[in-house]
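> This is the structure I want to talk about, given as structure tokens.
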Amino acid sequence: MIAALHRTPPILVSLTLAVGLLAYWLAGTTIGMLAPLGALFLYARGYLLRSLWGGLLAAFAGAAVIAILYPGPVRESALSLVASVAVAACIGALIVRDPSRRGARDAAAQRQEPVHPGGRGAIPDDVAEGAIHPDDRAAIAQAAAYAFWTGVPQVTSYRLRQPDGSYRWTELRAEPGYGVSVDVDAMVSRPDDRWTVAESLGETVQAVQAAKVIESLHGKAWAFDATGKFTYVTPAAQIAIDMALEDLNRRLGEREFIDGGEVGWMRGVHPDDVDGAAATLRHCLKTGEPWNIEYRMLRATGHYVWHRISARPTRDGEGRITGWFGTSIDIDVYKKTEAALREREKHLEQLIDTVPAMIWSMSSEGRPIYLNRRIMEVTGATLDTVKASDGSLSLKKMIHPNFWELAEQTFTRSVVTGAPYNIKYLQHRAGGSYRWTQTRAEPLRNEAGKIIRWYGVSVDIHDLITTQTELNLRKQELTRLIDLVPSFLWRLTPTGAPNFFNRRFIDFLGIDEGNLEKSQTERYAAALKAAIHPDDASRVWAEIKDCLSSGRPYAMRYRLRRHDGVYRWMDGRAEPLLDDDGGIIQWYGLSHDIDDQLRVEEALRESERSLRQLVETLPALIYCAAPNGEPIYRSEKLGEFLGFGLEDKDEDGQTRLTGTLEAIIHPDDLPDVKEKYGRSLATGAPYAMKHRLRRADGEYRWVETRTAAMRNAEGEIVQWNGICFEIEDQVRAQEALTLTQERLARAAQAASLAELSASIAHEVNQPLAAVVANSHACQRWLTSDPPNLERAQKTIERIIRDANSAADVVGRVRALFRQTDQARNLCPLDAILHEARDLMTEEAARRRMRIEVEVEAGLPSLELDRIQIQQVLVNLIRNGLEAMEPARRGVLRVRTLRAGDFVRTEVRDTGMGLGAPDKVFEAFFSTKPNGMGMGLAISRTIIETHGGRLWAENNQDGGAAFIFTLPVESKADHDR
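Convert by adding 5 to the 1-based position in the sequence shown; the result is the number in my numbering.
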């Protein structure tokens, strides 16, 4: 191409311009002329260049004249041509005035003049056609042309004929700007060619010749001497790196390259690669080892391109290195392709390892060759563990034993037949568990259809299987639910034809499912039509027809005949299922048997009528209130008694409850009623009170009101129910009775005081009578003659003793009521208890009863009045004996024990118990017909004066218990 341009006559310029003008007139644009003009400027020189400039000037002048003479569209086209010619001229000027590019290309053109006898500058056509395989010639030509016009290096493989006539695959590297066929001898014989070959080759002639040979084969070659100084570089290489031979060998420091210095060619190596390349070359220069290295070289375009550098030494007859020759192969495409492949491989590996599936591959014979990372992490298996000893697949460590046989049969069948492999099984996991997994595998076949590889994926479907199992169970449960639910479920088409009855409905109607003469819809429709009660049929079908046409829900009650002929009431309901556009898809309905419910409702209504009649006829006033106490119901009698209705007291500013209470409750009773009723509402406790209620005529009448809460199953109050009894007559009678009781009590108290006085008089009378008798005796002894003083003295001593005895009786009575501590000494309580028992043993035997005494060991002595405590014990024992019936052969148990700082004494009988344990200690209160009611009161007073306490309680198993405690430390000691 370059040689052709050199010999091109001026007519070529004319033809090129003619083609551009033709394209201009046909397409209406001159853009297409710029490319051929730029190419001509790039390679034209001498006469051709001058002709090109002349043509452009002529075109410019002609277009300008046309633009001036012809207005309208012609002028616009001419002006466009003028502009395009101007642009082409500017492009040509820029190309022509670039001295570096111009010089390089001129030099390249001069140095690459062909030396082949058939013509300078190209390999003969007959040689090229004969050396390249006919099937590859078009691809080689296309690659060379693409490299020339685009400037992009091309790498193409083709078959080259060998001397023996065979073809071998060869790699072509095509770059713009240089040829590939060079006469080595002719170029070496021209020592004046300074641009390509050094002036003095010296001992490197052999290396240069080798480089020329390499240049003829690969297009880029070079040679340097034993010190690393370049002696030859192909023109194509110099153009590619934009460095001449002098630039490559220019020393950049004081030292030579072999001694560690820098030279010009190092400037064209990537900074990251230059140190390694220089160090490797120095090592090879010193050792003679072949130089093989890859690094990035700076192109004239300003880009770094990967090259593979290979160099070998030449030696003389004595084996000394005389020079080096080598080649530089552009591997940038390889490097980028390799990097892209590595990145793609890495990405693919990451994708395979990251994808949520277990991926694997096997050979065509079924031998495992790859497991992705996920399958190894999930199962804990490795490529070795899934192989048997012969290298075949072993699934026993990855599959549950129950699936071994199935998996092996399925796998073997797929390997033998080539059919896809698909199986679901339980897969063993790294943690020891098993999970449901689905494995699929497909064969990869070559062009002949032969299997060359198996690729498979295993996906965890445990959750899916579990979900499907649950869905199946739910489906079964739903089916059972639909069939067992105590209602009749059915479905209708949009036109009203029944297409589904649940099992309970089918059994109710008695439909024969084995009858295949009619379709299911026909059987259901006939059975339903025959089952509806004749009195309800017209109403039911009319309602269904209206619902089908309007789409409104269906609800009505009707009678349906059971399979045994009995009609039962049904509550039927149905609603349509609509699509997104509002169209009816299906009707879903339910018919519930309410026959029993209707009968119960009728019975409840009858019961309600009876209950209402009962409430209205009861001799009581009935009312109901809401949980907050607001009245919500009154019986007819209560309404008549009060004289106003529920709503009559609904006034602004107060509730119905407040207005009602203020209107019907006596003012003196209203505060207590509000307080107690409010407490019941707050706590939920029952309410009971006697108060006065205003009657319709204005008179207040005494009533007894009782109210209790009605609660639901959760214990929440839902209503208050109350009743009022009129007790006016009872209150009046009670008042009269109370007055009479008070009078009787006063009379009884007077009688009791008289009896007490008589008892005290009896106690005092005996010592006083003895005093009087002894006084008379003393008088006789003193008046006798002679006076008997000795007898008188003894009589006086008796008088003094009896007087002191009377004084003691009076003193003890006074001390009892004054609560004094006179006559108290340390006494063992158990001794007093036994004395009291002995005193009452005869009476107990007479009543056919016995007394059991239990005394805890080690009780301390107490400071007490022995006589008073004995009287208390005797009184309690007597009361216990009197309380027990003789027929029961009762046992009275007396027990004394230590209770902290007190000694506790219990007297328990087996009688009827006490009705009011707290009232028995009141003075003049007695449960015995002839009792005074003073014994227990005096006993409590005695115990309390000793610092103790006396109380009564009922036994859990029947009878009563009287218990008193006495302090271990006396009151006097405590006061001290």
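Yeah, the Cβ is synthetic: ideal placement off N, Cα and C, and Gly gets one too. Since we're looking at a predicted model, the values are computed, not measured.
So what does DSSP say about K401, is it helix, strand or coil?
In the structure shown, K401 sits in coil (DSSP, three-state: anything other than H, G, I, E or B).
> Could you give the residue range of the alpha helix (DSSP H) that holds D335?
Per DSSP, D335 belongs to no alpha helix (DSSP H); it is in the beta strand (DSSP E), 326–335.
> Using the Cα positions of P983 and H597, report the straight-line distance between them to the nearest angstrom.
Coverage of the chain is limited to positions 6 through 981, which leaves residue 983 absent and any answer about it impossible.
> Hey, M694 and E709: beta-carbon distance below 9 Å or not?
Cβ distance < 9 Å, so M694 and E709 count as in contact.
> Given a cut-off of 9 Å, decide if G331 and A226 are closer than it, judged by their beta-carbon atoms.
Closer than 9 Å, so yes.
> Pull up the distance between the alpha-carbon of D906 and that of I948, whole angstroms please.
Approximately 16 Å, taken between the alpha carbons.
> Can you give the Cα-Cα distance for E861 and I728, rounded to whole angstroms?
Those two C-alpha atoms are separated by around 56 Å.
> Could you work out which residue in G273, K291, N960, Y300 is closest to A282 when comparing CA atoms only?
Closest option to A282, Cα to Cα, is Y300.
> Bridge partners for E958 per DSSP, in chain order?
According to DSSP, E958 bridges with A966.
> Which two residues bound the contiguous beta strand (DSSP E) that contains H597?
Element bounds for H597: 589–598.
> With I511 as the anchor, note down where its alpha helix (DSSP H) starts and where it stops.
That run of the alpha helix (DSSP H) goes 508–514.
> By the 10 Å Cβ neighbour count, where 16 or more other Cβ atoms means buried, how is F967 classified, buried or exposed?
Under this definition F967 is a buried residue.
> Is it buried or exposed, Y75, if we count other Cβ atoms within 10 angstroms and call 16 or more buried?
Classification of Y75: exposed, given that the 10 Å Cβ count is below 16.
> Exposed or buried, which one is Q873 when buried takes at least 16 other CB atoms within 10 Å?
By the 10 Å Cβ count, Q873 comes out buried.
> Sorted by chain position, which residues of the same chain lie with C-beta nearer than 6 Å to S369's C-beta, five sequence neighbours on each side aside?
Same-chain partners within the cutoff: I456, I457.
> Which value, in whole angstroms, describes the spacing of the CA atoms of Q961 and L834?
Their backbone Cα atoms lie some 27 Å apart in a straight line.
> Answer with yes or no whether the minimum CB distance from L478 to chain C is below 9 Å.
Here there is only one protein chain, and chain C is not present.
> By DSSP, does F649 sit in helix, in strand, or in coil?
Here F649 sits in coil by DSSP.
> Buried or exposed: which applies to M889, given that a residue is buried once 16 or more other Cβ atoms fall within 10 Å of its Cβ?
Result: buried.
> Let's test the definition: count the other Cβ atoms within 10 Å of the Cβ of N477 and tell me whether it reaches 16, buried, or not, exposed.
Exposed, by the Cβ-count rule.
> Given V545, which residues of its chain have a CB within under 6 Å of its CB, disregarding the five upstream and five downstream residues?
Excluding residues within five positions, the ones whose Cβ falls inside 6 Å are I537, Y563.
> Take the Cβ of I805 as the centre, count every other Cβ of all protein chains shown within 10 Å, and call the residue buried at 16 or more, exposed below.
Exposed is the call here.
> Using 8 Å as the Cβ pair cut-off and three pairs as the minimum, do the region 738–745 and the region 710–728 touch?
In short, these stretches do not touch, since the Cβ pair count stays below three.
> Would you grab the beta carbon distance between D358 and R378 for me? Rounded to a whole angstrom, and I think it's under 8 Å.
The pair is a contact, with the Cβ atoms about 4 Å apart (cut-off 8 Å).
> Where does F926 fall in DSSP's three states?
F926 falls in the coil class under three-state DSSP.
> Once the 5 residues before and after N407 are set aside, which same chain residues still bring their CB inside 8 Å of it?
So the list reads L431, once near-sequence residues are dropped.
> Quick one: any contact between the region 493–508 and the region 518–535, if contact means 3 or more CB pairs under 8 Å?
Short answer: they touch.
> Within the same chain, show all residues whose beta-carbon is closer than 6 Å to that of D197, passing over the 5 residues directly before and after it, in chain order.
Annotation note: pLDDT 38 at D197 (below 50); position unreliable, no value reported.
> Who pairs with V421 in a beta bridge, going by DSSP?
Answer is none; V421 lacks a bridge partner.
> At what residues does the beta strand (DSSP E) containing A630 begin and finish?
Residues 626–630.
> Can you name, in chain order, every residue of its own chain whose Cβ lies under 7 Å from the Cβ of S780, other than the five neighbours on each side?
Only I804 meet the Cβ criterion.
> Let's test the definition: count the other Cβ atoms within 10 Å of the Cβ of D923 and tell me whether it reaches 16, buried, or not, exposed.
Exposed: under 16 other Cβ atoms inside 10 Å.
> Should K654 be labelled buried (16 or more other beta-carbon atoms within 10 Å of its own) or exposed?
Answer is buried; the Cβ neighbour count reaches 16.
> In terms of residues, what are the limits of the alpha helix (DSSP H) holding D280?
276–292 is the span of the alpha helix (DSSP H), which, as asked, contains D280.
> On the CB-based measure, 16 or more other CB atoms within 10 Å of its CB, does P139 come out buried or exposed?
It is exposed - the Cβ of P139 has fewer than 16 other Cβ atoms within 10 Å.
> Would you list the residues sitting across from L431 in a DSSP beta bridge?
In the DSSP output, where bridge partners are listed per residue, L431 has W441.
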